[in-house]
Amino acid sequence: GDSVTQMEGPVTLSEEAFLTINCTYTATGYPSLFWYVQYPGEGLQLLLKATKADDKGSNKGFEATYRKETTSFHLEKGSVQVSDSAVYFCALSVNAGNNRKLIWGLGTSLAVNP
Amino acid sequence: DAGVTQSPTHLIKTRGQQVTLRCSPKSGHDTVSWYQQALGQGPQFIFQYYEEEERQRGNFPDRFSGHQFPNYSSELNVNALLLGDSALYLCASSPGQGRNSPLHFGNGTRLTVT
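Protein chains in written order, with this note's numbering: chain A, 568 to 681; chain B, 61 to 174.
Now the structure itself:
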């Protein structure tokens, strides 16, 4: 079945360090891929998305490339800030008949220290 | 432009009681989904409403029910509350059900069952 696997956290980095959060997926059909971020005490916010192979989503310095050959959508940022501390969720979306099915990863907690 | 709004923000109920949570979708969005997020966990899909009908349902018992109104707003009802129902309940809206449509989340309702 369809699934998303994220690297386990927590991830702890110093400010200005390079960030990678791995996400791999299995899916039938042609999924769209998303990264959502959840700041403490808040709901989830869409961070970036990619809807077809080789697409690169980017936002706020974060990037992720849809790699069909490796079924991956790893999240990267070149220089993290304290304000990036949050939980990051990878998700895939596939059409299921007339509906859309959204599959979530378990989330990766990121803590950035000054 | 208001995003997704949920009410109330916090709620404390006693085991066995019933609760109703409310959600107004982002302007222009006609599809509403509800999620349960336990502490430290990812969101778990409860159900989705479109055109005032439940279109999809996750693995939740019949104690969880919902409704969508003609203005696209939605309610989540939970009967016979259990301690395990304590969680953050998130509402998300999208413009349609296509796989490319990202979800926009509210900040959630924190439900505590004692």
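Ideal Cβ placement from N, Cα and C applies to all residues, glycine included.
Fill in: Reference P103 (chain B); option with closest CA among A:I670, A:A631 and A:N680
What you label residue 103 (chain B) is simply residue 43 of the second sequence in a count that begins at 1. Comparing Cα-Cα distances from P103 (chain B) to each of A:I670, A:A631 and A:N680, the minimum goes to A:I670.
Worksheet item: Which runs of the beta strand (DSSP E) fall wholly inside the region 112-157 of chain B and span at least 3 residues, in chain order?
Response: Listed in chain order, they are 113-117, 124-128, 134-138 and 147-154.
Fill in: CB-CB length for T595 (chain A) against D569 (chain A), believed under 8 Å
Start at 1 with the first residue of the first sequence, and residue 595 (chain A) comes out as number 28. Start at 1 with the first residue of the first sequence, and residue 569 (chain A) comes out as number 2. Right, the Cβ-Cβ distance comes to about 7 Å (below 8 Å), so this counts as a contact.
Discussion item. I'd like the list of long-range same chain contacts for S676 (chain A), defined as Cβ closer than 6 Å, with 5 residues on each side in sequence excluded.
Written reply: As a first step, residue 676 (chain A) must be located in the first sequence, where it is residue number 109. Within the same chain, S676 (chain A) has close Cβ partners G576, P577 and V654.
Fill in: CB of A584 (chain A) within 9 Å of CB of V647 (chain A), strictly
Start at 1 with the first residue of the first sequence, and residue 584 (chain A) comes out as number 17. Start at 1 with the first residue of the first sequence, and residue 647 (chain A) comes out as number 80. Contact flag set, yes.
Worksheet item: So who's on the other strand from K668 (chain A), going by DSSP bridges?
Response: The count along the first sequence starts at 1 and reaches residue 668 (chain A) at position 101. Per DSSP, the beta-bridge partners of K668 (chain A) are A:V661.
Worksheet item: Closer than 9 Å, CB to CB, is S161 (chain B) near chain A or not?
Response: Within the second sequence, the letter at position 101 stands for residue 161 (chain B). Yes, S161 (chain B) counts as interfacial toward chain A.
Worksheet item: Which residues in the same chain have their Cβ closer than 7 Å to the Cβ of K635 (chain A), if we skip the five residues on either side of it in sequence?
Response: Taking the first residue of the first sequence as 1, we reach residue 635 (chain A) at position 68. The answer, listed in chain order, is A620.
Practice prompt. Measure from the alpha carbon of L143 (chain B) to the alpha carbon of each residue in B:L171, B:E113, B:S153 and B:Y95, then state which is nearest.
Written response: For the purposes of this step, residue 143 (chain B) is identified with residue 83 of the second sequence, where counting begins at 1. When only C-alpha atoms are compared, the closest one is B:L171.
Worksheet entry | Nearest-angstrom Cβ-Cβ length linking T91 (chain B) and S154 (chain B), presumed shorter than 8 Å | Numbered from 1 along the second sequence, position 31 holds the residue referred to as residue 91 (chain B). Numbered from 1 along the second sequence, position 94 holds the residue referred to as residue 154 (chain B). A Cβ-Cβ separation of about 5 Å places T91 (chain B) in contact with S154 (chain B) under the 8 Å criterion.
Worksheet item: Whose Cβ in chain A lies nearer than 8 Å to the Cβ of L150 (chain B)?
Response: Start at 1 with the first residue of the second sequence, and residue 150 (chain B) comes out as number 90. Residues of chain A passing the Cβ test: G610 and L611.
Worksheet item: Ordered along the chain, which non-local residues of its own chain (more than five positions away) have a Cβ less than 6 Å from that of S133 (chain B)?
Response: To locate residue 133 (chain B), count along the second sequence from 1; it is residue 73. Contacts found: S84.
Practice prompt. Flag this pair as yes or no: are the beta carbons of T80 (chain B) and N137 (chain B) separated by less than 9 Å?
Written response: On the second sequence, position 20 is the one that residue 80 (chain B) refers to. On the second sequence, position 77 is the one that residue 137 (chain B) refers to. In contact: T80 (chain B) and N137 (chain B) (Cβ atoms closer than 9 Å).
Worksheet item: Taking only beta-carbon atoms, is H164 (chain B) less than 9 Å away from chain A?
Response: Position 104 of the second sequence, counting from 1, holds the residue named residue 164 (chain B). So, interface residue.
Practice prompt. Determine the direct distance from the alpha carbon of Y606 (chain A) to that of S533 (chain A), and round the result to whole angstroms.
Written response: Since the first and last residues shown for chain A are 568 and 681, residue 533 (chain A) lies out of range.
Worksheet item: If F107 (chain B) sits next to R117 (chain B), beta carbons under 8 Å apart, how far is it from one beta carbon to the other, in whole angstroms?
Response: As a first step, residue 107 (chain B) must be located in the second sequence, where it is residue number 47. As a first step, residue 117 (chain B) must be located in the second sequence, where it is residue number 57. Contact between F107 (chain B) and R117 (chain B) holds: their C-beta atoms lie close to 5 Å from each other, under 8 Å.
Fill in: Helix, strand or coil at V679 (chain A) according to DSSP, with G and I counted as helix
Locating residue 679 (chain A) in the first sequence gives position 112, where the first residue counts as 1. Looking at V679 (chain A) - three-state DSSP - the assignment turns out to be strand.
Worksheet item: Quick one, which of B:F165, B:D145 and B:G126 has its alpha-carbon nearest T74 (chain B)'s?
Response: Sequence index remark: in the second sequence, residue 74 (chain B) carries index 14 (1-based). Taking only the C-alpha atoms, the option nearest T74 (chain B) is B:D145.
Worksheet item: Based on Cα-Cα distance, which residue from A:T572, A:A631 and A:T587 lies nearest to A678 (chain A)?
Response: Looking up residue 678 (chain A) in the first sequence gives position 111. A678 (chain A) has its Cα closest to that of A:T587, out of A:T572, A:A631 and A:T587.
Item to complete: For P103 (chain B), decide whether its Cβ has a neighbour in chain A, counting only Cβ atoms nearer than 9 Å.
Response: For the purposes of this step, residue 103 (chain B) is taken as residue 43 along the second sequence, with counting starting at 1. For P103 (chain B), the closest Cβ of chain A is nearer than 9 Å.
Discussion item. Taking 9 Å as the threshold (beta carbon to beta carbon), is L673 (chain A) in contact with chain B?
Written reply: Along the first sequence, read from residue 1 onward, the residue named residue 673 (chain A) stands at position 106. Taking Cβ atoms only, chain B reaches closer than 9 Å to L673 (chain A), which makes this a yes.
Discussion item. So N167 (chain B) contacts chain C; which residues on that side make the cut at Cβ distance below 9 Å?
Written reply: The structure shown contains no chain C; its protein chains are A and B.
Worksheet entry | Any C-beta of chain B under 9 Å from that of F562 (chain A) | Examination of residue 562 (chain A) is not possible in this model, given that chain A is present from 568 through 681 alone.
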